[in-house]
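A short write-up of the structure that comes next.
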Amino acid sequence: MRIKHSNMMNMNMNMNMMKEAIDVLINSEKHILIIGETGTGKSTLLAELLINDTDVKYFDFCDIYKRHEHLPLLKHHYLCDENFDYFDFLSAPEKTLVLNSVAIGNNLRESKVVQFIVRFIKTARKRGKRLIVVTTPSDGGVQIQNLFDTVISLTRSHDEIGCTVIIPVPELIKYE
Numbered sequence: 055m056r057i058k059h060s061n062m063m064n065m066n067m068n069m070n071m072m073k074e075a076i077d078v079l080i081n082s083e084k085h086i087l088i089i090g091e092t093g094t095g096k097s098t099l100l101a102e103l104l105i106n107d108t109d110v111k112y113f114d115f116c117d118i119y120k121r122h123e124h125l126p127l128l129k130h131h132y133l134c135d136e137n138f139d140y141f142d143f144l145s146a147p148e149k150t151l152v153l154n155s156v157a158i159g160n161n162l163r164e165s166k167v168v169q170f171i172v173r174f175i176k177t178a179r180k181r182g183k184r185l186i187v188v189t190t191p192s193d194g195g196v197q198i199q200n201l202f203d204t205v206i207s208l209t210r211s212h213d214e215i216g217c218t219v220i221i222p223v224p225e226l227i228k229y230e
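Structural data, given as structure tokens:
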């Protein structure tokens with residue numbers, strides 16, 4: 055996947071903080087969760103990265119909603135259990151699947167979105183695929199962090215954007 059970084063002049067952010075996040079997006083083959091409240095730069099991070107490779111399938115659910123809001127089946131501007139069945143993600147031939155604006159819901163065990171994420175992650179490595187999910191803490195992002203290899207957490211304080219890249223360390227294996 056080729057991702058080029060372009061100028062992020064529209065917000066005041068420490069580029070050193072974003073460098074690691076950009077590096078992970080460019081060079082990692084891992085499943086990534088991008089999480090942050092509205093206005094922290096989640097979509098801007100993805101939009102400012104020019105994804106010009108045919109191996110990336112990008113679903114921006116806010117944009118999909120705006121283009122098709124007249125359709126009664128698309129009542130939400132995010133991916134959720136109510137509209138999940140209208141999309142066929144698994145048949146996408148692209149290597150990287152980006153889901154921007156995902157709402158997880160409260161009941162993780164019954165959530166179609168969570169079931170898809172778990173199923174995709176379990177089979178993705180065998181198929182040479184990876185998943186990037188973009189969500190907010192209030193949409194359940196915190197509850198699914200442990201499903202991903204890497205978490206990019208964006209925060210905002212006044213005019214400053216903060217970025218933390220979390221790459222979990224595998225738990226120690228206990229031998230009996």
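Residue numbers (my numbering): 55 to 230.
C-beta: ideal position from N, C-alpha, C; glycine also.
Pick out whichever of the options has its Cα sitting closest to the Cα of residue i.
{"i": "Lys-183", "options": "Leu-79, Gly-95, Lys-84", "result": "Lys-84"}
{"i": "Glu-234", "options": "Glu-214, His-212, Leu-208, Pro-147", "result": "Coverage of the chain is limited to positions 55 through 230, which leaves residue 234 absent and any answer about it impossible."}
{"i": "Asn-161", "options": "Ile-186, Ile-76, Ile-215, Gly-195", "result": "Gly-195"}
{"i": "Leu-79", "options": "Leu-201, Val-205, His-212, Ala-178", "result": "Val-205"}
{"i": "Asn-200", "options": "Ile-175, Leu-144, Gly-159", "result": "Ile-175"}
{"i": "Ser-192", "options": "Lys-111, Gly-159, Val-152", "result": "Gly-159"}
Between residue i and residue j, what straight-line distance do the alpha-carbon atoms span, to the nearest angstrom?
{"i": "Gln-169", "j": "Arg-163", "result": "8 Å"}
{"i": "Lys-180", "j": "Lys-149", "result": "12 Å"}
{"i": "Leu-100", "j": "Val-188", "result": "9 Å"}
{"i": "Thr-98", "j": "Val-156", "result": "16 Å"}
{"i": "Ile-221", "j": "Met-72", "result": "15 Å"}
{"i": "Cys-217", "j": "Leu-87", "result": "13 Å"}
{"i": "Thr-177", "j": "Leu-185", "result": "11 Å"}
{"i": "Arg-173", "j": "Gly-93", "result": "30 Å"}
Taking DSSP as the reference, what is the three-state secondary structure of residue i?
{"i": "Asn-106", "result": "Because Asn-106 sits at a pLDDT of 45, beneath the cut-off of 50, its placement in the model cannot be relied upon, and the following sentence gives the value as read from the coordinates. Here Asn-106 sits in coil by DSSP."}
{"i": "Arg-181", "result": "helix"}
{"i": "Phe-113", "result": "strand"}
{"i": "Asn-161", "result": "coil"}
{"i": "Gly-194", "result": "coil"}
Output yes or no for whether 7 Å exceeds the beta carbon distance between residue i and residue j.
{"i": "Asp-114", "j": "Asn-154", "result": "yes"}
{"i": "Ile-215", "j": "Gly-95", "result": "yes"}
{"i": "Lys-166", "j": "Phe-141", "result": "no"}
Got a sec: does the ligand NAD put a non-hydrogen atom nearer than 6 Å to the Cβ of residue i?
{"i": "Leu-162", "result": "The ligand NAD is not part of this structure, which contains no ligands at all."}
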